[in-house]
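**Q** Following this message is one structure expressed as structure tokens.
Number of protein chains: 2
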Amino acid sequence: MGIKKEIVDRFKNVLKKENLKFTNQRFLVFSALLTNEGHFDCDDLIRIINKKDGNVSRATAYRTLDLLVKYDFARKMVLDDGIAKYENKILSKHHDHMIDIETDEIIEFVNDEIERIQEEIAKSHGYKIVKHVHQLFVKKIK
Amino acid sequence: MGIKKEIVDRFKNVLKKENLKFTNQRFLVFSALLTNEGHFDCDDLIRIINKKDGNVSRATAYRTLDLLVKYDFARKMVLDDGIAKYENKILSKHHDHMIDIETDEIIEFVNDEIERIQEEIAKSHGYKIVKHVHQLFVKKIK
DNA sequence: ATTATTGCAAATCCTTTGCAGTACC
DNA sequence: GGTACTGCAAAGGATTTGCAATAAT
């Protein structure tokens, strides 16, 4: 159930490199994100942590999340509501989302051709893709 | 330099339909967005308006922008900094966005093949696309 | 011991809202 | 004259920050 030792070590190395200490709070935020699937805002994660393991303040959670994003353990995404959502970037397979605007049902999809063309577009402008958001808001055909 | 009468009329009709009045402030916000190309936050637009035509308060600007988004005159986009950006949706051809995460520069792109595959994916699940968000967060290749 | 870390509360930033005065029909 | 509109200033909500107490090495 735990996180692979290799990943935890990677986290420890990042901390060392940044002259930061490996504290329980930082580990709790790190674990909350890496052992749960989905998109969480800061308070979701704090709730998850408080439910079983301990306590982390919002200040610390945000500070740690910034760090996780900076070192590619987490992906940050802000939709139109302006609330930052974070998701596991290490263990989750990539996928995009199709959202049924009438039922809120979420269907995942991946299309290699789209992935390939995206990369090509970025490259042709001299860029490489760091992350992307691709969401189809859809409606059932009657 | 003006906006096509047809578009202004469409705006007037929306206002009528919503029991709202066609006021100078609403028209200034509407014009600021529809006669400028680019992605603007609320204060950008207020600055544009104040520079030549008059004054609009932030409250009114936000209220009008909501309306413009609701009726498809404007597109709203929120990136990781949490600041809402608005762009002309009427006069600009459909496009997606590539965002340089180091400079915040926004580059537009369109790819017919991606558009086609998207539709196909939705259709194969029995859906049609109402709108979509496709953003590539990129980084210059050194 | 020394240096970084934490949590709190205050501060910030963008955005929304209540309200009193103003403008529109 | 009666509604709807505006701008102000205050309120809101998410995130950040200063600081004194606390924990890690």
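Note that the protein sequences, when read in sequence, are chains A and B. Residues in the first sequence are numbered from 1 upward in steps of one, following this note's numbering. Residues in the second sequence are numbered from 1001 upward in steps of one, following this note's numbering. We put the CB at the ideal spot given by N, CA and C, even for glycine.
List the residues of chain A that N1088/B touches, going by C-beta distances under 9 Å, in chain order.
**A** Result: empty, since nearest Cβ-Cβ is about 17 Å, beyond 9 Å.
**Q** Assign K123/A to one of three DSSP states: helix, strand, or coil.
**A** Looking at K123/A - three-state DSSP - the assignment turns out to be helix.
**Q** Measuring only the C-alpha atoms, how far is S31/A from I3/A?
**A** Cα-Cα distance, rounded: 7 Å.
**Q** Say whether the segment 1056 to 1063 of chain B touches the segment 1020 to 1031 of chain B, bearing in mind that this needs 3 or more beta-carbon pairs closer than 8 Å, one atom from each stretch.
**A** Yes, the segment 1056 to 1063 of chain B is in contact with the segment 1020 to 1031 of chain B.
**Q** Quick one: what's got a C-beta closer than 8 Å to K1139/B's C-beta in the same chain, skipping five residues either side?
**A** Excluding residues within five positions, the ones whose Cβ falls inside 8 Å are D1100, I1101, E1102.
**Q** Give me the Cα-Cα distance between F73/A and N1088/B, rounded to the nearest whole angstrom.
**A** Taking the straight line joining both Cα atoms gives about 36 Å.
**Q** Going straight from the alpha carbon of K21/A to that of L15/A, what length do you get?
**A** Roughly 6 Å between the two C-alpha positions.
**Q** Quick one: what does DSSP say L1136/B is sitting in, helix, strand or coil?
**A** Strand at L1136/B.
**Q** Please report how far the alpha carbon of E1115/B lies from the alpha carbon of I1106/B, in whole angstroms.
**A** Whole-angstrom Cα-Cα distance: 20 Å.
**Q** Distance check for Q1025/B and E120/A, CA to CA, integer angstroms please.
**A** Looking at the two C-alpha atoms, the distance is approximately 44 Å.
**Q** Three-state secondary structure (DSSP) at I46/A?
**A** Note: I46/A maps to helix in three-state DSSP.
**Q** So if DSSP puts H97/A in a beta bridge, which residue, or which two residues, is it bridged to?
**A** Paired residue(s): E108/A, Q135/A.
**Q** In whole angstroms, give me the CA-to-CA distance for D1081/B and D1041/B.
**A** Straight-line Cα distance between these residues: approximately 12 Å.
**Q** Between M1077/B and H1132/B, how many whole angstroms is the CB-CB distance? I'm expecting something under 8 Å.
**A** Going by Cβ atoms, the distance from M1077/B to H1132/B rounds to 12 Å, so no, they are not a contact pair.
**Q** Between the Cα of A122/A and the Cα atoms of N1111/B, L1034/B, I1090/B, which residue gives the shortest distance?
**A** Per the Cα distances, N1111/B.
**Q** Could you work out which residues of chain A lie near Y1071/B, taking near to mean beta carbons separated by less than 9 Å?
**A** What Y1071/B touches in chain A: nothing, since even the nearest Cβ is about 16 Å away.
**Q** Name, going along the chain, the residues of the segment 100 to 114 of chain A whose beta-carbon falls closer than 8 Å to a beta-carbon of chain B.
**A** Answer in chain order: D100, I101, I107, F109, N111, E113, I114.
**Q** Write down the C-beta distance between F1109/B and H1095/B rounded to the nearest angstrom, noting that I regard them as a contact closer than 8 Å.
**A** That pair is a contact at about 6 Å.
**Q** For R1075/B, count neighbouring C-beta atoms within 10 Å of its own C-beta (all shown protein chains included) and say buried if the count is 16 or more, exposed if not.
**A** Classification of R1075/B: buried, given that the 10 Å Cβ count is 16 or more.
**Q** Are the C-beta of H1095/B and some C-beta of chain A separated by less than 9 Å?
**A** With 9 Å as the cut-off, H1095/B does not count as an interface residue toward chain A.
**Q** Distance check for D66/A and I90/A, CA to CA, integer angstroms please.
**A** Computed Cα separation, rounded: 15 Å.
**Q** For H132/A, return the contacting residues in chain B, with the cut-off set at a CB-CB distance below 7 Å.
**A** Simply Q1135, L1136, F1137.
**Q** Any idea what DSSP makes of N158/A, helix, strand or coil?
**A** Residue 158/A lies beyond the stretch modelled for chain A, which goes from 1 to 142, so this question has no answer here.
**Q** One question on the structure: do Y127/A and L1136/B come within less than 9 Å of each other, judged by their Cβ atoms?
**A** Taking 9 Å as the Cβ cut-off, Y127/A and L1136/B qualify as a contacting pair.
**Q** Would you call the CB atoms of L68/A and L33/A closer than 9 Å?
**A** Cβ atoms of L68/A and L33/A: closer than 9 Å.
**Q** Rounded to whole angstroms, what is the Cα-Cα separation between Y1071/B and V1130/B?
**A** Those two C-alpha atoms are separated by around 14 Å.
**Q** Spell out whether any CB of chain B is found under 9 Å from the CB atom of A122/A.
**A** Yes, A122/A lies at the interface with chain B (some Cβ there is under 9 Å from its Cβ).
**Q** Roughly how many angstroms lie between the CA atoms of V1008/B and H1097/B, to the nearest whole one?
**A** Their Cα atoms are separated by approximately 27 Å.
**Q** Per DSSP, what kind of secondary structure is V1008/B in: helix, strand or coil?
**A** Note: V1008/B maps to helix in three-state DSSP.
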